[in-house]
Amino acid sequence: MTSLNRAYTRLSMRRRYESWFLRFGVADNSGAWWLRYLLANPGRKGCPGVPGAAPVQVWATWFPRGGQPETFIQEFPVEALQVSERGGPFFLEAGPNRIEDESCRGALEVRGRRLSWDLRYRSNFGTTLSHKGWIGFSRTPHSDAVFAGEIQLDDRVFRGDPLGFGVQGHNCGFRHRHFWTWAHACFPQSDGRLSTFEALVYEMPLGLVFRKAILWHEGRSYVFGKVRESCRDPKAMRWVFVATSTAGSIEAEIDGGGPSLHRLPYVKTDCSGTFEVSNNSLARARLKVRLKKAARAEEFVTERGSVLEMTGDYRR
108 MTSLNRAYTR LSMRRRYESW FLRFGVADNS GAWWLRYLLA NPGRKGCPGV
158 PGAAPVQVWA TWFPRGGQPE TFIQEFPVEA LQVSERGGPF FLEAGPNRIE
208 DESCRGALEV RGRRLSWDLR YRSNFGTTLS HKGWIGFSRT PHSDAVFAGE
258 IQLDDRVFRG DPLGFGVQGH NCGFRHRHFW TWAHACFPQS DGRLSTFEAL
308 VYEMPLGLVF RKAILWHEGR SYVFGKVRES CRDPKAMRWV FVATSTAGSI
358 EAEIDGGGPS LHRLPYVKTD CSGTFEVSNN SLARARLKVR LKKAARAEEF
408 VTERGSVLEM TGDYRR
């Protein structure tokens, strides 16, 4: 599971992005956190002269319940970076910011604000959603992650064990896809375990489209290779689809609208400009799950335990 975090990018690579991210809803339902450690074009030292295009960046976004999200980004030169060798235990470090297989820490000072965190996370399930060689991959080292530790934003402290529930992911690519839609949702069960659902659709070369969804439930994973969308609305941030396989089917509705919707620019790896990515880490998710081994359909609902991310547009 933990090897899914292993770094792919060599520091000599001139065109490449790689990110390690965490999304979790705070256990007291006050909001959600999105943390991102980004490595981009290290061989050319980012995109010189392009604002917001440093080769090493650490992002943090606070999604307060009922309020507007706020993002903090701090940039670092490639000389400040330390990253593990491919054969050793994973770590990536820049200044006081570090991420490992099962922990991370950070300290940012942005716009006169101070933010720091020291977190640990554990899970029972990790998976690779997509692996297309040099084109890129999308991995989920911790799908049903339980987070513990502390985050401090100015004078406000979030502390707990558990602190929250969510996902730790890892993705990489030669370039960003022209469009993608991704969602992850956590559903606490009566026995104390987490069930999770993750779905990913994105553009591939030659006009192809990658589609996949994975359900983790009652200690078992179910892979759905067919995803048929009936609604993908980037403006309203709504995604409705049916995922099917020999194991059964899932009807999914993810709603990422409302005040928690956040739009941020991402820098293209060819340094030609930016594009907008929409993210709501307090999205609502509803699933109707019909597994052939089950006697009846189950419905999973979470009001704020999901994340929905979209960029670009396409014709199905």
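Each position in the sequence shown, counted from 1, maps to that position plus 107 in the numbering used here.
For each residue, glycine too, the CB sits at the ideal point set by N, CA and C.
Using only the alpha-carbon positions, how far apart do residue i and residue j sit?
i, j, result
"N244", "T376", "Residue identity check: residue 244 is Phe in the sequence provided, not Asn. F244 and T376: Cα-Cα distance of roughly 16 Å."
"V165", "F197", "17 Å"
"R113", "A292", "24 Å"
"L394", "E358", "6 Å"
"A187", "A201", "5 Å"
"I221", "F281", "Per the sequence presented here, residue 221 reads as Arg, with Ile not at that position. Distance between the alpha carbons of R221 and F281 is about 33 Å."
"R205", "N387", "25 Å"
"S337", "R345", "10 Å"
"G332", "A306", "10 Å"
"A134", "R327", "24 Å"
"A392", "V190", "36 Å"
"P184", "G276", "24 Å"
"M108", "L415", "Model confidence at M108 stands at a pLDDT of 47, short of 50, so the residue's coordinates are unreliable; what they give is reported in the following sentence. So the alpha carbons of these two residues sit roughly 24 Å apart."
"P366", "G138", "12 Å"
"Y309", "K239", "12 Å"
"S297", "F265", "25 Å"
"C279", "W287", "14 Å"
"A252", "T351", "25 Å"
Assuming residue i contacts residue j under a Cβ cut-off of 8 Å, what Cβ separation, rounded to an integer in Å, is found between them?
i, j, result
"F294", "F407", "4 Å"
"S385", "L368", "6 Å"
"T234", "V274", "At roughly 11 Å, the Cβ-Cβ gap does not stay under 8 Å, so T234 and V274 are not in contact."
"R370", "E383", "5 Å"
"G159", "P372", "7 Å"
"S126", "L145", "5 Å"
"R339", "V349", "Contact doesn't hold; Cβ gap of about 13 Å is too wide."
"S210", "Q259", "That pair is no contact at about 17 Å."
"R172", "R411", "7 Å"
"G153", "A147", "6 Å"
So what does DSSP say about residue i, is it helix, strand or coil?
i, result
"P149", "helix"
"S245", "strand"
"A187", "helix"
"N387", "strand"
"P312", "helix"
"G219", "coil"
"L368", "coil"
"L415", "strand"
"S110", "helix"
"G240", "helix"
"N136", "coil"
"C378", "coil"
"P155", "coil"
"S297", "coil"
"L394", "strand"
"P171", "strand"
"R423", "At R423, the pLDDT of 45 sits below 50, so the modelled position is not reliable; the number obtained from the coordinates is stated separately. In the structure shown, R423 sits in coil (DSSP, three-state: anything other than H, G, I, E or B)."
Please classify residue i as buried or exposed, where buried requires at least 16 other C-beta atoms within 10 Å of its C-beta.
i, result
"P162", "buried"
"A320", "buried"
"Q181", "buried"
"H285", "exposed"
"S379", "exposed"
"W323", "buried"
"W69", "Past the boundaries of the shown model lies residue 69; the chain is included only from 108 to 423, so the question cannot be answered."
"S230", "buried"
"D362", "buried"
"D261", "exposed"
"T303", "buried"
"S119", "exposed"
Report yes or no: is there a C-beta of chain C within less than 9 Å of the C-beta of residue i?
i, result
"A160", "The displayed structure is made up of one protein chain only, and chain C is not part of it."
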